[in-house]
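Engineer: Residue numbers 2 to 966, in the working numbering, belong to the letters of the sequence shown in order.
Here it is: the structure, laid out below.
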Amino acid sequence: MPGAGSDVSEKRIPLTAERAKENIAYELDEIDESGSFAYASEIKPAPNPGLTVEGIGDIGLPLTQRDAEALISKCRLSPFGRGSETVVDTNVRNSFELNPSQFAFRNPAWSASIDAIVGIVYAELGLTCGRQNVIAELYKLLLYEEGAFFKSHQDSEKTRGMFGTLVVCLPSEHQGGAVLLKHNKHEYTFDSSKTSSFGTSFAAWYSDVFHEVQRVTGGRRLALTYNLVQKAVSTPQKAPDGDKDIRLTNVLQAYNKAVNMAKNDSFPPYLIYRLEHKYSRHGLTIKGLKGDDEKRIKRLNAVCEKIGFDIYLGSVKKTLHRDDDCDDEVFDRDEGFEYINGIDGTAIDVKPTYSKRYVINTDGYETEDEEADEEEHAGYTGNEGCPAEYIYRDSVALIVPPSRRVDLLVSEQGDNYTKIMKVLDSFTSQNLEKGSYNYDQFVRLLEIVVARQDNYHRSYYWYSSYWADIEKQKRQKRECLEKIAKIAADWDLPDVWEDIKAEFRLAPKCLEAFGGFLARNKAVDEWDKALQELLESSPRIDSRLEGLESINTGLHNEEASVDVACAFSLFTLRMLKKWLSEFSSVRQTDGKALADVLWKHSHEHPDIEKAIMEKIQESHTTVLVAFLIQWAEYSTGETLTDRVRQPLQSTMKLLWNSFEFELPVYPKLTSRDFGNRDPAPTERDVLTSEDLIRVLDVANRAEIDNFDAFGLLTVMQIALQNVSSAYAKEHLLPLLSQIVKRAVPALETVQNSTSTVPEEVKAFLIEGLTTVIKKHIGPKPVRSTNLSLPRGSCNCSDCSQVNSFLASSTKKQFDFPCSKKRRAHLHSMFTDRANGKYEVETLRNSSPNVWRITKTFDKIYKTRLQEWTSRVNGLKEELGKLTSVRGGPLNEEALGSDVYERLMSCTVEGLEERKGRKPLGKANANAKKRKADDVGKEENQDRAGVKKTRSGLNFAGGREIIDLT
């Protein structure tokens, strides 16, 4: 690809991500290649080393049978590394060895000969670190007898700085025993047998090269092994080629420019260049690189330093999950970084996102045909087949453009807001003037935070631990945005406000900082349109109102001028009118916000009060209750003037005709708004037990002639029939518990010295517990007697047999021996399509394997029965505690033995009608239809002279509204 990166070629062909990678790969590959991954030769003339062995004496060369037998008597079997263990297994390695402490060389010329060999190896392997910095350290003496071998393997790093292996074969006649070396699909063979009778030969290779010693077919192979080690000191790199540097500079800068201009991350934020050799973590440093890796990375690093790129070195691990019984088919693949080092070998605390899309040189990327670095074979495990893991590692260089430096630092997979905060801290002491490098990096970090999509899913709202994680993530994101807003405010960076305005509503302190910015720059009018867009980026009215308050707080903190404060006040009023007219419906959290607005602004603007009350008239019970509770808090201690009384009483009366415990249908929200702003539904559009206790108190405080807490309790009783199972457990049962424990102040009355349970309270307890049992406990599961299931959609011969089984009302299991291809079709048609009513598996303990399908009615029944029993026992335990409350209404004396017995059964079956017994949980029809004025008249008659107190719960006698006979 001559001229890659030139202006002319870029004008002809638009620069794409793939072309940018090709250009950079081409320029790196063009760096002169010299040297090989292995080299072998004969030593002429070769001195006799004068080999002497402890306990034996001199060993003559060529090796004789007598000396070989003597050597073996002093040797041990050679071990090898398997994972983190060192093992002996003659099925993998079959040879004998001596350690250097057991033998020596009496000939002084031998050391000089080895030094000369190292010089030859230095040149032939293409090393550039300086000849004086490479040494050969004696490691072992090896003896291979007839039949001996060593299967394919890589040499481990036995000492710091080791980069290769040198083998010297001493005179000992043998046949076979050749060393086969493989690297990057290239092969090299070192056959020492040709000169073994009287000659000495050697071979050297890089330590990451796969090599095997083939079986010795005759005689004995005697060899010395040395570790090739590079000292810590390295000579300076020679000046790079100027023309090639210019081309490499051009393609890198073109890539950086394209990354800056790209939309939707169409260009990788950094690039990954696969090195030719593999390195240990200690060896993965620019001084420890080998051959062409050293030349290319040193040249690349020199160029990158000039143009602001960063270079890192790392290791990528790929794990392929296979089944040895299924033609090595890959079932799953895991890929990712194991670790990252700086160019000097310093460990970097980050694991960047790994993707094949980031890799420059993808040739050979699919590693299935190469030898694995590690293998784990579980063998036959019954139905699980023969699972196996093949682990491959690549050493790589990361090329990070200046515009994406922060991407690497914060791109760790998963949620890493802690790391983002650390990077943000580094900006607080830097110059962030617009146009500066630091400014560009700050804006890029901002883009990353804003674009982060936290993976929330509303269907899992009932898992408290899941929502705890979500709340933690939202809090961390909010803290990041607040820090960004503070930095932007300190530096008066309006472009930053524009970029993240849609996210400001997540964090009040962001908006406070924005208010300070507006105050200092007297820019309310200038930012009028942007302010409106910022606040209206939320579809929620409560979020918008909270935003106004936060901005106002920021204005006051900066002691905004009178003109600025007035301008913002006018803006606030204009927005309130606009939003109230636009919103067709409101939600529970809006109720509190509307009460806030009404309290703060209605006395100055009656039209706002009118608009709010019209909106309240249209709202769901959850909104009404939120409004009432907040309004009552504001009016605590206030005289009930018309301004306070009218909203309270008019809203309270709405509850009589439209009371519901929970909102049955949620408003439609965008995934972005839900993921970042909404609380869980259990905290949002349902009335919690605490809400209900508080609104009962508000009913008494409202001073409505014909309505109080007992009347509201009757209305609530009527609404019980519509609650969901989740509501019955999470909110209704806690409310009933509080009533029994006398912890609901609004229901406390005192009449003379006698106390009985008011019929409204008794009726609500009975109906409430009946609802909990029916909705939360549910009927006892029944074992299905008809086992038939719907047929599948395919009618081929194989599927027809399965469909016949599914349609059978009696058959539970069907075994189908068949080939892999036919099993795959059956899996595609039936696996994961059962909705839990059958299971599919493959039995691999026969040939052919058996495809099995099993109906799970019994399993489902047992699971449901176990869950039902657990719910019943849990409720019995809870009611047992409540019946022990002294003087409480939940006892046999207060309820009557029949009602008490049926409720304490905690089962739907126990509640059912029996001969001579009337059903529980069905209030008198006339009571259900009674309106507020009727209830009020009766309440006034029944409770004449009743004194209400918060000091204790002494129930007065009341009217009978439930027939318990």
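Beta carbons are placed, not taken as given, at the ideal position from N, Cα and C, and that holds for glycine.
Values in this document were obtained by computation on a predicted structure and should not be read as measured data.
Classify Pro403 as helix, strand or coil using the three-state DSSP reduction.
Structural biologist: Here residue 403 corresponds to residue number 402 of the sequence shown, with the count starting at 1. Looking at Pro403 - three-state DSSP - the assignment turns out to be helix.
Engineer: Leaving out five residues on either side along the sequence, give the residues of the same chain with a beta carbon under 8 Å from the beta carbon of Asp374.
Structural biologist: Against the sequence shown, residue 374 aligns to sequence position 373. A distance below 8 Å between beta-carbons, with the five flanking residues on each side excluded, links Asp374 to the following residues of its chain, in chain order: Gln155, Lys279, Ile392, Tyr393 and Arg394.
Engineer: Between Ser194 and Ser173, which are expected to be in contact by the criterion C-beta below 8 Å, what is the C-beta distance as a whole number of angstroms?
Structural biologist: Within the sequence shown, the letter at position 193 stands for residue 194. Within the sequence shown, the letter at position 172 stands for residue 173. 10 Å between Cβ atoms; not a contact.
Engineer: Determine the direct distance from the alpha carbon of His777 to that of Lys930, and round the result to whole angstroms.
Structural biologist: Locating residue 930 in the sequence shown gives position 929, counting from the first residue. Locating residue 777 in the sequence shown gives position 776, counting from the first residue. Caution is warranted here: a pLDDT of 40 is assigned to Lys930, below 50, making its placement in the model unreliable, and the coordinate value is therefore given only provisionally. Cα-Cα distance, rounded: 27 Å.
Engineer: With the cut-off set at 8 Å, would you say Lys319 and Arg297 are in Cβ contact?
Structural biologist: Here residue 319 refers to the residue found at position 318 of the sequence shown. Here residue 297 refers to the residue found at position 296 of the sequence shown. For Lys319 and Arg297, no; Cβs fall outside 8 Å.
Engineer: List the DSSP bridge partners of Arg222.
Structural biologist: For the purposes of this step, residue 222 is taken as residue 221 along the sequence shown, with counting starting at 1. Bridge partners of Arg222: Tyr145.
Engineer: When the Cα of Gly162 is compared with those of Gly712, Cys130, Ala204 and Gln176, which residue comes out closest?
Structural biologist: Counting from 1 along the sequence shown, the entry for residue 162 is found at position 161. Checked all of Gly712, Cys130, Ala204 and Gln176; the closest Cα to Gly162 is Cys130.
Engineer: At what residues does the alpha helix (DSSP H) containing Trp600 begin and finish?
Structural biologist: Taking the sequence shown and counting its residues from 1, one reaches residue 600 at position 599. Per DSSP, Trp600 belongs to the alpha helix (DSSP H) from Gln589 to His602.
Engineer: Is the distance from the Cβ of Val696 to the Cβ of Ala729 below 8 Å?
Structural biologist: One-based indexing of the sequence shown puts residue 696 at position 695. One-based indexing of the sequence shown puts residue 729 at position 728. Taking 8 Å as the Cβ cut-off, Val696 and Ala729 do not qualify as a contacting pair.
Engineer: The beta strand (DSSP E) that contains Ser42, what's its start and end?
Structural biologist: As a position in the sequence shown, residue 42 is number 41, starting the count at 1. Here the beta strand (DSSP E) through Ser42 covers Ala39 to Ile44.
Engineer: Determine, using beta carbons only, whether Ile488 and Phe515 come nearer to each other than 8 Å.
Structural biologist: By one-based count along the sequence shown, residue 488 stands at place 487. By one-based count along the sequence shown, residue 515 stands at place 514. Not a contact, by the Cβ cut-off of 8 Å.
Engineer: Between which two residues does the beta strand (DSSP E) holding Val54 run?
Structural biologist: Numbered from its first residue, the sequence shown carries residue 54 at position 53. Here the beta strand (DSSP E) through Val54 covers Leu52 to Val54.
Engineer: Considering only residues of the stretch 798 to 845, which uninterrupted beta strand (DSSP E) runs meet the minimum length of 3 residues and lie entirely inside it, listed in chain order?
Structural biologist: 814 to 818 and 839 to 844
Engineer: Assuming Gln103 is part of the beta strand (DSSP E), what are its boundary residues?
Structural biologist: Here residue 103 refers to the residue found at position 102 when the sequence shown is read from its first residue. Gln103 -> no beta strand (DSSP E), and no H or E assigned at all.
Engineer: Taking 8 Å as the CB-CB limit, is Leu285 close to chain C?
Structural biologist: The structure shown contains no chain C; it is built from a single protein chain.
Engineer: Grouping DSSP H, G and I as helix and E and B as strand, with all else coil, what is Asp59?
Structural biologist: For the purposes of this step, residue 59 is taken as the residue at position 58 of the sequence shown. Three-state result, Asp59: strand.
Engineer: For Cys170, count neighbouring Cβ atoms within 10 angstroms of its own Cβ and tell me buried if that reaches 16, exposed if not.
Structural biologist: Your numbering for residue 170 matches position 169 in the sequence shown. Counting Cβ neighbours within 10 Å, Cys170 comes out buried, since at least 16 surround it.
Engineer: Between the C-alpha atoms of Thr160 and Pro269, what's the straight-line distance to the nearest angstrom?
Structural biologist: Your numbering for residue 160 matches position 159 in the sequence shown. Your numbering for residue 269 matches position 268 in the sequence shown. Cα to Cα, the separation comes out at about 37 Å.
Engineer: Can you tell me where the beta strand (DSSP E) with Ser74 in it begins and where it stops?
Structural biologist: Stepping through the sequence shown from its first residue, residue 74 is reached at position 73. Here Ser74 belongs to no beta strand (DSSP E); instead the alpha helix (DSSP H) covers Gln66 to Lys75.
Engineer: Applying the 10 Å Cβ sphere with the 16-neighbour rule, what's the burial state of Gly592?
Structural biologist: As a first step, residue 592 must be located in the sequence shown, where it is residue number 591. Burial call: buried.
Engineer: Would you identify the three-state DSSP class for Lys578, choosing helix, strand or coil?
Structural biologist: Locating residue 578 in the sequence shown gives position 577, where the first residue counts as 1. It is helical.
Engineer: Starting from the Cα of Tyr27, find the closest Cα among Leu144, Thr363 and Ile308 and give me that residue.
Structural biologist: As a working note, residue 27 is residue 26 in the sequence shown. Checking every option, the nearest Cα to that of Tyr27 belongs to Thr363.
Engineer: Apart from the five residues on each side of it in sequence, which residues of its chain come closer than 6 Å, Cβ to Cβ, to Glu146?
Structural biologist: What you label residue 146 is simply residue 145 of the sequence shown in a count that begins at 1. Closer than 6 Å at Cβ, skipping near neighbours: Arg221.
Engineer: CB-CB under 7 Å to Gly56, same chain, minus the five flanking residues each way: which ones, in chain order?
Structural biologist: The sequence position of residue 56 within the sequence shown is 55, counting from 1. Within the same chain, Gly56 has close Cβ partners Lys75.
Engineer: Run through the DSSP bridge pairs and tell me what Arg275 is partnered with.
Structural biologist: Indexing the sequence shown from 1 puts residue 275 at position 274. Looking at the DSSP assignment, Arg275 forms a beta bridge with Val397.
Engineer: Would you decide whether Asn658 is buried or exposed? Buried here means 16 or more other CB atoms lie within 10 Å of its CB.
Structural biologist: To locate residue 658, count along the sequence shown from 1; it is residue 657. Result: exposed.
Engineer: Run through the stretch 165 to 233 for me and flag every whole alpha helix (DSSP H) of 4 or more residues, listed as ranges in chain order.
Structural biologist: none
Engineer: Quick one: give me the first and last residue of the beta strand (DSSP E) that Gly315 is part of.
Structural biologist: Within the sequence shown, numbered from 1, the residue matching residue 315 stands at position 314. Taken as a continuous stretch (DSSP letters only), the beta strand (DSSP E) holding Gly315 covers Asp311 to Asp324.
Engineer: Count the other CB atoms, across all protein chains shown, that sit within 10 Å of the CB of Leu78; report buried if there are 16 or more and exposed otherwise.
Structural biologist: For the purposes of this step, residue 78 is identified with residue 77 of the sequence shown, where counting begins at 1. With fewer than 16 Cβ atoms within 10 Å of its Cβ, Leu78 is classed as exposed.
Engineer: Would DSSP call Val360 helix, strand or coil?
Structural biologist: As a working note, residue 360 is residue 359 in the sequence shown. Three-state DSSP puts Val360 in a strand.
Engineer: Am I right that Leu72 and Val122 are in contact with their C-beta atoms under 8 Å? What's the rounded C-beta distance?
Structural biologist: Position 71 of the sequence shown holds residue 72. Position 121 of the sequence shown holds residue 122. Their Cβ separation, rounded to whole angstroms, is 27 Å, which puts Leu72 and Val122 out of contact at 8 Å.
Engineer: Are the beta-carbon atoms of Phe38 and His187 separated by less than 8 Å?
Structural biologist: Within the sequence shown, residue 38 is the residue found at index 37, counting from 1. Within the sequence shown, residue 187 is the residue found at index 186, counting from 1. Yes, Cβ-Cβ distance for Phe38 and His187 is below 8 Å.
Engineer: To which residues does DSSP link Leu78 through a beta bridge?
Structural biologist: Within the sequence shown, residue 78 is the residue found at index 77, counting from 1. DSSP lists Phe97 as partners of Leu78.
Engineer: By a C-beta neighbour count over all protein chains shown, 10 Å radius and 16 as the cutoff for buried, is Ala808 buried or exposed?
Structural biologist: In the sequence shown, the residue the question calls residue 808 occupies position 807. That one is exposed.
Engineer: With DSSP collapsed to three states, give me the class of Pro388.
Structural biologist: Residue 388 sits at position 387 when you count from the first residue of the sequence shown. Residue state, collapsed to three classes: strand.
Engineer: May I ask you to list the residues that DSSP assigns as paired with Val135?
Structural biologist: One-based indexing of the sequence shown puts residue 135 at position 134. Gln231.
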